[in-house]
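Please read the structure below before turning to the comments.
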Ligand code: OAD
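Residue numbers (my numbering): 361 to 594.
Rendered as structure tokens:
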């Protein structure tokens, strides 16, 4: 394997599946049990804020019972062991990359462990339940707090920074994502259009965008990612 100095790793729900966090589109995935329109849109929050808060409260509470798996830990080791830069761009809202040792992480779809005030815009760490009776610790309005999550119809976070990282990388790795949600699904094409970076997909099965990758490895992330990291650090 060539020696890479600037690696961007895109991750999706599949990287956390072996930790026990549900994916979205697999059998029994979250979108089989809930309708996106009921829990993951600004309109849903406007219509039934309690239902939306509860959906994310349950998921926030689940985070306390899951641990990073071998894939998260290997990615943490890649960042500390590589003579270069490794940035994780994750669609996941869990905190398993942080707990696996990665420090350079962009949560493009937000973070379960945070809430945002719809009045003053402040973002807060929020480990417990949030409801319409929770008061904003900054502007004291209530109801005011919403999950710090990007819902369908909203713009993902830090897109400018992500695009410049994609343009500068020499290796782009995509792990555990179905490739069905844009803009993340388009990152591989962007990388290939801008430069000469190598591109690798690691996923349980070929994703919707598998044909856009120069190299694909199919199987469980907890097995394949440590092997890939070993090759990259050799
Ligand atoms: P999906 O549920 O769409 O896809 C998960 C992918 O992970 C699938 O292709 C699985 O085959 C794969 N997978 C499952 N277990 C795996 C394992 N152990 N190892 C490797 N791969 C595995 O999840 P995402 O692609 O992350 O957005 O979904 C993208 C976005 O759609 C999410 O961030 C979320 C969702 O709606 C919002 O909520 C805004």
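Heads up, the beta-carbon is just placed ideally off N, CA and C, and yes, glycines get one too.
Whole-number beta carbon distance between residue j and residue i, since they are thought to touch under 8 Å
{"i": "residue 501", "j": "residue 482", "result": "Rounded, the Cβ-Cβ distance is 11 Å, inconsistent with contact."}
{"i": "residue 385", "j": "residue 540", "result": "7 Å"}
{"i": "residue 459", "j": "residue 508", "result": "Contact flag wrong, Cβ pair sits at about 18 Å."}
{"i": "residue 587", "j": "residue 442", "result": "Not quite, the Cβ-Cβ distance comes to about 16 Å (not below 8 Å), so this is no contact."}
{"i": "residue 448", "j": "residue 548", "result": "Not quite, the Cβ-Cβ distance comes to about 16 Å (not below 8 Å), so this is no contact."}
{"i": "residue 570", "j": "residue 558", "result": "No, residue 570 and residue 558 are not in contact; Cβ-Cβ is about 15 Å, not under 8 Å."}
{"i": "residue 462", "j": "residue 488", "result": "Rounded, the Cβ-Cβ distance is 25 Å, inconsistent with contact."}
Buried versus exposed call for residue i [16 or more other C-beta atoms within 10 Å across all chains shown]
{"i": "residue 563", "result": "buried"}
{"i": "residue 594", "result": "exposed"}
{"i": "residue 424", "result": "exposed"}
{"i": "residue 512", "result": "exposed"}
{"i": "residue 440", "result": "exposed"}
{"i": "residue 544", "result": "buried"}
{"i": "residue 468", "result": "buried"}
{"i": "residue 490", "result": "buried"}
{"i": "residue 496", "result": "buried"}
{"i": "residue 454", "result": "buried"}
{"i": "residue 493", "result": "exposed"}
{"i": "residue 529", "result": "buried"}
{"i": "residue 572", "result": "buried"}
{"i": "residue 561", "result": "buried"}
When the options are compared against residue i, the one with the closest alpha-carbon
{"i": "residue 420", "options": "590, 534, 492, 486", "result": "486"}
{"i": "residue 505", "options": "363, 382, 405, 393", "result": "405"}
{"i": "residue 429", "options": "380, 473, 479", "result": "380"}
{"i": "residue 372", "options": "574, 527, 592, 465", "result": "465"}
{"i": "residue 410", "options": "367, 503, 454", "result": "503"}
{"i": "residue 474", "options": "461, 417, 427", "result": "417"}
{"i": "residue 383", "options": "451, 412, 427", "result": "451"}
{"i": "residue 526", "options": "361, 435, 546", "result": "546"}
{"i": "residue 510", "options": "435, 412, 558", "result": "412"}
{"i": "residue 517", "options": "408, 590, 471", "result": "471"}
{"i": "residue 584", "options": "431, 426, 365, 389", "result": "431"}
{"i": "residue 580", "options": "408, 574, 365, 566", "result": "566"}
{"i": "residue 582", "options": "388, 367, 488, 434", "result": "434"}
{"i": "residue 364", "options": "550, 568, 532", "result": "532"}
{"i": "residue 568", "options": "542, 389, 462", "result": "542"}
{"i": "residue 426", "options": "414, 457, 408, 403", "result": "457"}
{"i": "residue 523", "options": "550, 484, 514", "result": "550"}
{"i": "residue 333", "options": "438, 520, 576", "result": "Because the chain here runs from 361 to 594, residue 333 falls outside it and cannot be looked at."}
{"i": "residue 366", "options": "560, 519, 445", "result": "445"}
{"i": "residue 599", "options": "407, 415, 408", "result": "In this structure the chain extends from 361 to 594, so residue 599 is not present and cannot be described."}
{"i": "residue 514", "options": "403, 576, 387", "result": "403"}
> Any chance the segment 383-402 sits against the segment 545-557, with 3 or more Cβ pairs inside 8 Å?
Replying inline: no
Check whether the segment 531-540 and the segment 367-382 touch, using three or more Cβ-Cβ pairs below 8 Å as the test.
yes
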